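*Asks:* I have a structure here, written as structure tokens, and I will follow up with some questions on it.
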Amino acid sequence: MNTGTLIDPSFADTQIMSRLDPLQFDAGEFGQSFSRRPFRISHSLCDNPLFELPRLLELAGQLPENHIEYNAGKLPLTVDQSLTPANGLSVEETVRRIEECESWMVIKWVHHDPAYAELLDACLRQIRPLTEQITPGMRQPQAYIFLTSPGSVTPYHIDPEHNFLLQIRGSKKVHMFDGSDSRVLSDRDFERFYSEKTRNLEFREEFRDHGWEFNLQSGQGLHFPVTFPHYVENGPEVSVSFSITFRTPDLERRRMVYQCNHRLRRMGLKPGGWGRSALADQLKYQAVRVTSKLGRMLGRGD
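No gaps in the numbering here: position 246 of the sequence shown is 227 in the numbering used here, and each next residue is one more.
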């Protein structure tokens, strides 16, 4: 987890947000907590027509098939990602029947639509002056929309980006756990995540002593630090959530170090985790960069 410098207090004191801004947050809390622990924000997007079901149905029909992921919604906390059950419906049927079909859907990379790209940009433009002081180099801005049936459960998993989840419609309970605590996430968990490209993890009850619970209502939002494990329980109504994400160069370095460690462990070695030795991290990062570049030159992947 990043341990960069905190926001300059004099800078935080000058942050005055207009009612026209999409996000509302405390700049001091942002500076203390961003990328370290979850914190609440609020937003003014609940009445935006971009999140009404007819518009989401139109959006889902316009985007490529691989931009839509959906499945049955009432799942256990621990699920093998490759075995997640389908809901037996088409994308269109799922959106139209979301109130009754017990399903979970994410429309990915909605910023490919100019209207959603403009909204994503407006949100990130607000927070960028603060994030640049902590984890500079904002890149790969992306936006996702989650559409879920009443009572749906999103299984326990981790994500690779800086993320703010904005609750537009309905409610949900987020259970989040400290990704910097080795009792929650081990080095091997990180290695598998970055190397085997699976986001789901095994949940254990003892994790509950190392986490937080947040009840999100429409108009509220939540910061998810990178790779902080979480699962989500939907409320009694249809839920629509807007996720704004981005990455930074330090996350790319971290990914490469854990990929290198994964390879070293398969060779029978016991590599140290990310952040324990700046020199070792640099050597691993450069090694993966070189092998990845050679792989691309030879027509292979990482």
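Glycine included, C-beta positions come from ideal geometry on N, C-alpha and C.
Since the structure is predicted, the reported quantities are computational estimates derived from the model, not experimental observations.
Check residue 29 in the structure and name its three-state DSSP category.
*Replies:* Coil.
*Asks:* For residue 251, which of helix, strand or coil comes out of DSSP?
*Replies:* Of the three classes helix, strand and coil, the one that applies to residue 251 here is coil, per DSSP.
*Asks:* Could you tell me which uninterrupted alpha helix (DSSP H) segments, each at least 4 residues in length, are contained entirely in the segment 216 to 279, listed from first to last along the chain?
*Replies:* With a minimum length of 4 residues, the continuous alpha helix (DSSP H) runs that stay inside the segment 216 to 279 are 230 to 247, 259 to 278.
*Asks:* With DSSP collapsed to three states, give me the class of residue 199.
*Replies:* Here residue 199 sits in coil by DSSP.
*Asks:* For residue 37 and residue 103, what's the separation of their Cα atoms in angstroms?
*Replies:* Going from the Cα of residue 37 to the Cα of residue 103 covers about 20 Å.
*Asks:* Count the CB pairs spanning the segment 74 to 87 and the segment 156 to 172 that are closer than 8 Å, and state whether there are at least three.
*Replies:* No contact exists between the segment 74 to 87 and the segment 156 to 172.
*Asks:* Flag this pair as touching only if the segment 205 to 213 and the segment 135 to 142 have three or more C-beta atom pairs under 8 Å; answer yes or no.
*Replies:* Yes, the segment 205 to 213 touches the segment 135 to 142.
*Asks:* The beta strand (DSSP E) spanning residue 141 covers which residue range?
*Replies:* No beta strand (DSSP E) holds residue 141; DSSP gives it neither H nor E.
*Asks:* On the CB-based measure, 16 or more other CB atoms within 10 Å of its CB, does residue 262 come out buried or exposed?
*Replies:* With 16 or more Cβ atoms within 10 Å of its Cβ, residue 262 is classed as buried.
*Asks:* Tell me which residue opens and which closes the beta strand (DSSP E) that residue 35 is part of.
*Replies:* No beta strand (DSSP E) holds residue 35; the alpha helix (DSSP H) holding it covers 34 to 43.
*Asks:* Could you tell me the distance, in whole angstroms, from the CA atom of residue 17 to the CA atom of residue 169?
*Replies:* The straight-line gap from Cα to Cα measures roughly 21 Å.
*Asks:* Three Cβ pairs or more, each shorter than 8 Å: is that satisfied between the segment 42 to 51 and the segment 84 to 91?
*Replies:* Yes, the segment 42 to 51 touches the segment 84 to 91.
*Asks:* Going straight from the alpha carbon of residue 266 to that of residue 172, what length do you get?
*Replies:* Going by the C-alpha atoms only, they are around 14 Å apart.
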